[in-house]
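A.B. asks: Quick note on my numbering: the sequence shown kicks off at 1 and runs consecutively.
Even for Gly, the Cβ is constructed at its ideal location relative to N, Cα and C.
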Amino acid sequence: MSGDLKYLPKDFKLPSRLSIAPGYVHLARFIRSNRILDIFGEKFSMPVELEYEYVWVTIDTGKESLFIYHDSQLIDKMDYPLPKTYIELSKIDL
Numbered sequence: 001m002s003g004d005l006k007y008l009p010k011d012f013k014l015p016s017r018l019s020i021a022p023g024y025v026h027l028a029r030f031i032r033s034n035r036i037l038d039i040f041g042e043k044f045s046m047p048v049e050l051e052y053e054y055v056w057v058t059i060d061t062g063k064e065s066l067f068i069y070h071d072s073q074l075i076d077k078m079d080y081p082l083p084k085t086y087i088e089l090s091k092i093d094l
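#1: Does DSSP classify S72 as helix, strand or coil?
#2: Going along the chain, which residues of its own chain have a beta-carbon closer than 6 Å to the beta-carbon of T58, five neighbours each way excluded?
#3: Identify every run of the beta strand (DSSP E) within the region 40-65, keeping only runs that are complete inside it and at least 3 residues long; order them along the chain.
#4: Could you check if V55 is buried or exposed, using at least 16 other CB atoms within 10 Å of its CB as the buried criterion?
#5: Helix, strand or coil for K84? Go by DSSP, reduced to three states.
#6: Within 10 angstroms of its Cβ, does L37 collect 16 or more other Cβ (buried), or is it exposed?
#7: Between the alpha carbons of P81 and L8, how many angstroms are there, rounded?
#8: What's the gap between the Cα of I75 and the Cα of D60?
#9: My output table needs one value for L89: the three-state DSSP class, helix, strand or coil.
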C-alpha cells in the first residue's frame, strides 16, 4: 500500500565511504545573503541576482562537470574534478 512507512533497522549505519560511479548527482540549494553555494563543503560565489533564491545543481560524475541552474536556465558550467573514486562520508556533516 502506498504511504506505508518503512524504517531502517536500528543498527543501520552509513558506510564510511560512498563509491562514485558515472552518473548524475542532483542538489537543490538555497542561496542566502552571503551568496555562497555550498556543495559538500566546497564554496562557490553566486551572482547577486541569486540572493534568496533556490538553485538546482547537477554534478556529472562521468564528465567531472558541475552545472548550476536557476528557473530552468543554465547559470554556470564548470569543471568539477573528483578527488578519487569515493567520497569520505565521515568528513561530511550530514
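C.D. replies: Walking through what the data contain:
#1: It is coil, neither helix nor strand.
#2: Excluding residues within five positions, the ones whose Cβ falls inside 6 Å are Y24, H26 and F67.
#3: If we require 3 residues or more, the beta strand (DSSP E) runs fully inside the region 40-65 come out as 42-45 and 53-60.
#4: So V55 ends up on the buried side.
#5: In the displayed model, K84 falls within coil according to three-state DSSP, outside both helix and strand.
#6: By the beta-carbon neighbour count (other beta carbons within 10 angstroms, threshold 16), L37 is buried.
#7: For P81 and L8, the distance between alpha carbons rounds to 33 Å.
#8: When rounded, the distance between both Cα atoms is 16 Å.
#9: L89 sits in a helix when the DSSP states are folded into three classes.
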